[in-house]
Amino acid sequence: METKVAIIKNVNEDIKYINEASEIIKEGGIVAFPTETVYGLGANALDTEAVKKIFKAKGRPQDNPLIVHVSSKDIKSIVEEVPEVANKLIEKFWPGPLTIILRKKNVIPDVTSAGLDTIGVRMPSSSIALKLIELSQVPIAAPSANISGRPSPTEVERCIEDLSGKIDYILGGEKSDVGVESTIVDCTVNPPLILRPGGITLEMLREIHPGINIDEAIKGKPDENLKPKAPGMKYRHYAPKATLKIIKGNNEKTIEKINEIVHNYIENYKKVAILTTNENIKSFNAGKIISLGSEKNLEEIARNLFEALRECDDLGVDIILCRSFEEENVGVAIMNRLNKAAGFDIIEV
Ligand code: TXA
Ligand code: MG
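Here the sequence shown is numbered in our numbering, starting from 8 and rising by one per residue.
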């Protein structure tokens, strides 16, 4: 299949490409497009055959439901009811990186919800994404636009790398600003429960509704016997090709440990990358050293995380060593992605 690529510099001036892409959505095709979290791979959420194409292109397990993207806060046509607390969250955080799980209406086919009677709904803030949904005149089901299991794309080049030849159209635009996928809050339970941490943090959500909790399963290694509440959370995810190890502890000891391990690997002819922060970049003297940003700015670390993992693969390293981050605010989302990418290979110092 030939994949058309169009890069949008300005939504108004380049509207013809967004129009073209929306025609593809209407005709049952699939389109990659930017959002403020990560790039998405979209299809008409109401069209079973179109949605099936997403699963095929990504190699995505059938039991992993898709998030439905909308361009307005009025979602009555796709969900049964919007509880009071969900309304408050929508008012405060939409458009933006927050997905809300609600009971679905029958117009949403089983393939989109993977057979569940609920769906995740999100109104993205990216102007390209909003325009695409609006012009398509249908809700757009979209997982991240990567081959299943790989780090999610935050730049159009990564969508091209993973999906060129497998999908109809790639709309490129700005780099994703948040860099990790949306926060998912289940509003079908009381109090609402965070199923996946993201850019909208527990702390921010609790300002709106103090009772909101975070699913404890998020922080630990998945229990094989427990059915995860967000089906996607059970799969190995975000994984670079290299082996990723997390070094957890205080700053000084972490640096010491990383230096020790790097030298061991290098003596054994392995190529190593170190993911660190601006503040610590001078503490290492071997291996490929990549900064994720300032440790004082967790948003910056989140924004750069997936791209850094992919960069390590481009460098062809065997091992990636990454320090851990404080699990508060966006740090919860960062550590959730890192832990999964590492398959919970954590060295405590
Ligand atoms: O930021 C995002 O949310 C991005 C962009 C493209 O919008 N999308 C995204 O989709 O991350 P995906 O498919 O990579 O992740 C969707 C997650 C999966 O873990 C899935 O299991 C969960 O959402 N999910 C979807 N519908 C659900 C439902 N009804 N109940 C529980 N979890 C659900
Ligand atoms: Mg994904």
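Heads up, the beta-carbon is just placed ideally off N, CA and C, and yes, glycines get one too. Keep in mind it's a predicted model, so treat the numbers as computed, not measured.
Minimum Cα-Cα distance from Pro72 among the listed residues Ala237, Gly256, Ile341 and Lys248 corresponds to Ala237. Remark: C-beta atoms of Tyr245 and Lys347 approach each other more closely than 8 Å. Between the C-alpha atoms of Ser78 and Leu200 there is a straight-line separation of about 24 Å. DSSP, reduced to helix, strand and coil, places Phe332 outside both helices and strands of the structure shown, so it counts as coil. Annotated three-state conformation of Leu139 is helix, per DSSP. Just so you know, the alpha carbons of Leu316 and Asp54 end up roughly 34 Å apart.
For a cut-off of 8 Å, the C-beta gap from Ile254 to Ser331 is around 7 Å, short enough to register as a contact. With a cut-off of 7 Å, the C-beta of Met130 is classified as distant from ligand 1, since no heavy atom of the ligand falls inside that distance. With a threshold of 7 Å, the Cβ atom of Gly338 does not count as near ligand 1, since no heavy atom of the ligand is closer than that. Remark: the C-beta of Ser159 is in contact range of ligand 2, defined as less than 7 Å to any heavy atom. Across the structure, Gly156 and Glu286 are spaced so that their CA atoms are roughly 31 Å apart. Under DSSP, the beta-bridge partners assigned to Asn51 are Ile147. Taking 7 Å as the cut-off, the C-beta of Gly66 does not count as close to any heavy atom of ligand 1.
Per DSSP, Arg129 is one residue of the beta strand (DSSP E) stretching across Thr125 to Arg129. The Cβ atoms of Ala52 and Phe40 do not sit closer than 8 Å to each other. Ranking Thr10, Asn26, Glu9 and Thr44 by CA distance to the CA of Gly205 puts Thr44 first.
Straight through space, the alpha carbons of Glu259 and Ile308 are spaced by roughly 19 Å. For Glu56, the Cβ stays outside the 7 Å cut-off from all heavy atoms of ligand 2.
Distances between the C-beta of Ser151 and the heavy atoms of ligand 2 include at least one below 7 Å. In the three-state scheme derived from DSSP, where H, G and I count as helix and E and B as strand, Arg67 is classed as coil. For Ile74, the beta-bridge partners assigned by DSSP are Gly127. When rounded, the separation of the alpha-carbon atoms in Ala293 and Leu305 is 25 Å. Taking a C-beta distance under 8 Å as the contact criterion, Leu105 and Ser159 do not qualify as a contact pair. In this structure, DSSP gives Thr261 a helical state, which the three-state scheme calls helix.
Counting only residues of its own chain and dropping the five nearest sequence neighbours on each side, Asp325 has a CB closer than 8 Å to the CB of Ala249, Thr250, Tyr272, Lys277, Lys278 and Val279. Under the three-state reduction of DSSP output, Ala315 falls in the helix class.
According to DSSP, residue pairing for Glu355 in a beta bridge involves Lys255. Distances between the C-beta of Glu188 and the heavy atoms of ligand 2 include at least one below 7 Å.
In this structure the segment 140–147 does not touch the segment 88–96; the number of beta carbon pairs closer than 8 Å is below three. Nearest to Asp70 by alpha-carbon distance, out of Pro235, Ile341, Asn275 and Ile167, is Pro235. Separation of the CB atoms of Ile37 and Asp169 is rounded to 13 Å, and the pair is thereby denied contact status at 8 Å.
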